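Chains as they are written, first to last, in the numbering used here: chain A, 1 to 310; chain B, 311 to 643.
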């Protein structure tokens, strides 16, 4: 098992380097010039422009820039922000706790909604509850986060005045963003829970469990759900990983000071090191969560655990 | 004939249908079954004859929807289990009536240890503590010939034959009064089949259980059962003691089953299969469901469904041919 984890961590290295290279070249060849953006509104002379370009190292050939950046990356250095002059990694870590908090609570909301609705929908397939659950799931998937977020703000902040429309602080600042992000995630997770449960409750071992005289609750929770969890955990894991990389839309709507907004600011200012840094961190987050999910599989299914130790 | 008190199980006129979009599947159409204490009844029939449906009805585990028990009575030690609450029924399942399912590969939960799967039943029905239940699980495993240490292993670490032993252990963990075995050996190798069968026979005798053995293997019936009921299209066409049904076969379908067996002494003999196929249970033929395949069929068979009539105390046959005096099957030999 630990060998498996070690191997997987090693596999992360080429993934991260590859993703960094791709994003580096995409941004380098975009026709936005960070120098012009930086000097915008100052009516710079040609010398000033060249000077800034030299300071940022952008006058060097692209390959040199690339190797210099990658050299920094392997040492854990994500470069310096063009616009603020601060280290990208420090900037990122400053924002990360807010994102982690939002991602966690969104996951909590998603689990709280999707698993019960998915289970009941599966048990009572084609009932009115199932129709309701699946309509909800479809709406959850189809509703854009920005719209849902705005509607929640209009209702709970503007009309009712119960919750703040944005900002960062205690639990009450967290509720609306977590619901916005979590409901979107719950749509897919609900459908996944339902279909996975539907498959499991038709298995022979569920009949065996019933033939033992177990109550329906025990049959469903103990015997069915544990078998159905793998696809559900997979979906929740991917969603959690993405949220950790920064929920850009939700964070922007609610002025949540997380890494998603850092990235959006970086994009708006053509702040290349910030954008690349955020994408690399997103890539790392998704990979780490995937690894965590794969390890979790081993605890859910002994057959997978046996496969890992081979 | 047995008096009511001797019977562990008494099924009267059981009718079970599956109502699907394509139509109503008439799985069981009025079955009567009596099982005396410490007796073993074999239920024989082709796939789709209604054997498993009958068995699941006894546990009230027919998947609903689409399955519905349309009518009849199932008395378990004198109590009609079709009338009791689900809660009471749960106390019967696993404690009084246990079932062994067909496919050992899929009948065990892959994510729980075999020990836990056995312990669960005893904990539930006998009110044992967790640790006592685990100890009992180990003993039950030993009883079916698996070392108790293996109780912490998962089903995927066991072979097919071993898994079937575990399933037998789960079924017998609470010393049930009635054990229903639904084709318990079909999914196993022939050598393992013999072992599993021997084990079940031995445990049945030791624990003094009654048993219903569902199978399409006449050899198993001869080996294990006292009585036998032959099912065709959801009806009993012939029933009696094993000796009666095997030695003086009376129903054309039963005759067909025996004729489809290879004869060990006569290697040149050709197997004579029953012509045609089982009828579609959504559209059963009128009259006797077997008449399109029956070499003895005449007019009446296409119109009226034959009732079970008794020849002697226990030997019942549902066939119009016996209206004709002196009718005899042509069975070989």
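Idealized CB from N, CA, C, for every residue including glycine. Keep in mind that this is a model prediction, so the values were computed, not measured.
- prompt: To which residues of the same chain is residue 721/B closer than 7 Å at the C-beta, ignoring the five residues directly before and after it?
  reply: The structure shown has nothing for residue 721/B, since chain B only spans 311 to 643.
message: Residues of the stretch 195-207 of chain A in Cβ contact with chain B at a cutoff of 9 Å, in chain order, please.
response: 202, 203, 204, 205, 206 and 207
- request: Alpha carbon to alpha carbon, how far is residue 224/A from residue 422/B? Give it in angstroms, no decimals.
  value: Mapped onto the second chain, residue 422/B falls at position 112. Mapped onto the first chain, residue 224/A falls at position 224. C-alpha separation (whole angstroms): 11 Å.
- prompt: So with Cβ pairs under 8 Å, would you call residue 322/B a contact of chain A?
  reply: Locating residue 322/B in the second chain gives position 12, counting from the first residue. For residue 322/B, the answer is no, since every Cβ of chain A falls outside 8 Å of its Cβ.
query: Counting contacts by CB-CB distance shorter than 8 Å, is residue 294/B in contact with chain A?
result: The shown model of chain B, from 311 to 643, leaves out residue 294/B, and the question about it has no answer.
- prompt: Which residue from 341/B, 352/B, 347/B and 569/B puts its Cα closest to that of residue 524/B?
  reply: Residue 524/B sits at position 214 when you count from the first residue of the second chain. Ranking 341/B, 352/B, 347/B and 569/B by Cα distance to residue 524/B puts 352/B first.
message: With three or more beta-carbon pairs closer than 8 Å as the criterion, would you say the stretch 227-246 of chain A touches the stretch 62-78 of chain A?
response: no
- prompt: Measuring from the CB of residue 326/B, is there a heavy atom of the ligand NAP at a distance below 7 Å?
  reply: This structure lacks the ligand NAP, and indeed carries no ligand of any kind.
task: Please determine, among 67/A, 247/A and 258/A, the residue with the shortest C-alpha to C-alpha distance to residue 92/A.
output: Along the first chain, read from residue 1 onward, the residue named residue 92/A stands at position 92. It is 258/A whose Cα lies nearest to the Cα of residue 92/A.
Where residue 306/A meets chain B, residues with beta-carbon distance less than 9 Å: Position 306 of the first chain, counting from 1, holds the residue named residue 306/A. Within 9 Å Cβ-Cβ: 464, 466 and 467.
query: With residue 517/B and residue 485/B assumed to form a contact (beta carbons below 8 Å), what rounded beta-carbon distance in angstroms separates them?
result: Position 207 of the second chain, counted from the first residue, corresponds to residue 517/B. Position 175 of the second chain, counted from the first residue, corresponds to residue 485/B. Correct: roughly 6 Å between the Cβ atoms.
field: Simplified DSSP assignment, three categories, for residue 307/A
entry: Sequence index remark: in the first chain, residue 307/A carries index 307 (1-based). Three-state result, residue 307/A: helix.
query: DSSP puts residue 322/B in a beta bridge; with which residues?
result: Sequence index remark: in the second chain, residue 322/B carries index 12 (1-based). Answer by DSSP bridge pairing, in chain order: 383/B.
query: Can the beta-carbon of residue 16/A be found less than 8 Å from the beta-carbon of residue 295/A?
result: Mapped onto the first chain, residue 16/A falls at position 16. Mapped onto the first chain, residue 295/A falls at position 295. For residue 16/A and residue 295/A, no; Cβs fall outside 8 Å.
field: Where the beta strand (DSSP E) through residue 292/A begins and ends
entry: Counting from 1 along the first chain, the entry for residue 292/A is found at position 292. Careful: residue 292/A lies outside any beta strand (DSSP E), inside the alpha helix (DSSP H) at 272-300.
- prompt: Taking only beta-carbon atoms, is residue 227/A less than 8 Å away from chain B?
  reply: To locate residue 227/A, count along the first chain from 1; it is residue 227. Yes, contact with chain B.
message: Counting only Cβ pairs nearer than 8 Å, list the residues of chain A close to residue 294/B.
response: Because chain B is modelled from 311 through 643, residue 294/B falls outside the range shown and cannot be assessed.
- prompt: Would you say residue 448/B reaches chain A, if we count a Cβ-Cβ gap shorter than 8 Å as a contact?
  reply: Within the second chain, the letter at position 138 stands for residue 448/B. False, the Cβ-Cβ gap to chain A never drops below 8 Å.
- prompt: Quick one, which of 96/A, 106/A, 94/A and 82/A has its alpha-carbon nearest residue 171/A's?
  reply: Counting from one through the first chain, the residue named residue 171/A turns up at place 171. Comparing Cα positions, the closest option is 106/A.
- request: Report the partner residues of residue 339/B according to the DSSP bridge assignment.
  value: Here residue 339/B corresponds to residue number 29 of the second chain, with the count starting at 1. Looking at the DSSP assignment, residue 339/B forms a beta bridge with 325/B.
- request: Determine the direct distance from the alpha carbon of residue 84/A to that of residue 71/A, and round the result to whole angstroms.
  value: Within the first chain, residue 71/A is the residue found at index 71, counting from 1. Within the first chain, residue 84/A is the residue found at index 84, counting from 1. Rounded to the nearest angstrom, the two C-alpha atoms are 22 Å apart.
Buried versus exposed, by CB contacts within 10 Å (16 or more), residue 494/B: In the second chain, the residue the question calls residue 494/B occupies position 184. Label assigned to residue 494/B: buried.
message: Within the continuous beta strand (DSSP E) that includes residue 620/B, where are the two ends?
response: Translated into the one-based positions of the second chain, residue 620/B becomes position 310. Element bounds for residue 620/B: 619-621.
field: Same chain only: Cβ atoms within 6 Å of residue 162/A, ignoring 5 sequence neighbours per side
entry: Start at 1 with the first residue of the first chain, and residue 162/A comes out as number 162. Closer than 6 Å at Cβ, skipping near neighbours: 156.
- prompt: Name the DSSP bridge partner or partners of residue 523/B?
  reply: For the purposes of this step, residue 523/B is identified with residue 213 of the second chain, where counting begins at 1. Paired residue(s): 352/B and 491/B.
- request: May I have the straight-line CA-CA distance separating residue 464/B from residue 81/A, to the nearest angstrom?
  value: Residue numbering aside, residue 464/B sits at position 154 when the second chain is read from its first letter. Residue numbering aside, residue 81/A sits at position 81 when the first chain is read from its first letter. Spanning the two alpha carbons is a distance of roughly 54 Å.
- request: Establish whether the CB of residue 302/A and some CB of chain B are separated by less than 8 Å.
  value: Taking the first chain and counting its residues from 1, one reaches residue 302/A at position 302. Yes - at least one Cβ of chain B is within 8 Å of the one on residue 302/A.
- request: Could you tell me if residue 256/A is buried or exposed, where buried requires 16 or more neighbouring beta carbons within 10 angstroms of its beta carbon?
  value: Along the first chain, one-based indexing puts residue 256/A at 256. Burial call: buried.
- request: Can you give me the Cβ contacts of residue 198/A inside the same chain, cut-off strictly under 7 Å, excluding the 5 residues immediately before and after it?
  value: Position 198 of the first chain holds residue 198/A. Around residue 198/A: 122 and 125.
- request: Please classify residue 182/A: is it buried, with 16 or more other beta-carbons within 10 angstroms of its beta-carbon, or exposed?
  value: Taking the first residue of the first chain as 1, we reach residue 182/A at position 182. Flag for residue 182/A reads buried.
query: Buried or exposed: which applies to residue 548/B, given that a residue is buried once 16 or more other Cβ atoms fall within 10 Å of its Cβ?
result: Indexing the second chain from 1 puts residue 548/B at position 238. Buried.
message: Quick check on the burial criterion: 16 or more other C-beta atoms within 10 angstroms. Buried or exposed for residue 221/A?
response: As a first step, residue 221/A is located in the first chain; it is residue number 221 there, counting from the start. Under this definition residue 221/A is an exposed residue.
Counted within 10 angstroms of its Cβ, other Cβ atoms place residue 320/B as buried (16 or more) or exposed: Numbered from its first residue, the second chain carries residue 320/B at position 10. Buried, because 16 or more other Cβ atoms sit within 10 Å of the Cβ of residue 320/B.
- prompt: If residue 378/B and residue 332/B are in contact, beta carbons under 8 Å, what's the gap, nearest whole angstrom?
  reply: For the purposes of this step, residue 378/B is taken as the residue at position 68 of the second chain. For the purposes of this step, residue 332/B is taken as the residue at position 22 of the second chain. About 16 Å separates the two Cβ atoms, so there is no contact after all.
- prompt: Which class does residue 439/B belong to by DSSP, given the choice of helix, strand or coil?
  reply: Numbered from 1 along the second chain, position 129 holds the residue referred to as residue 439/B. Looking at residue 439/B - three-state DSSP - the assignment turns out to be coil, as it is neither helix nor strand.
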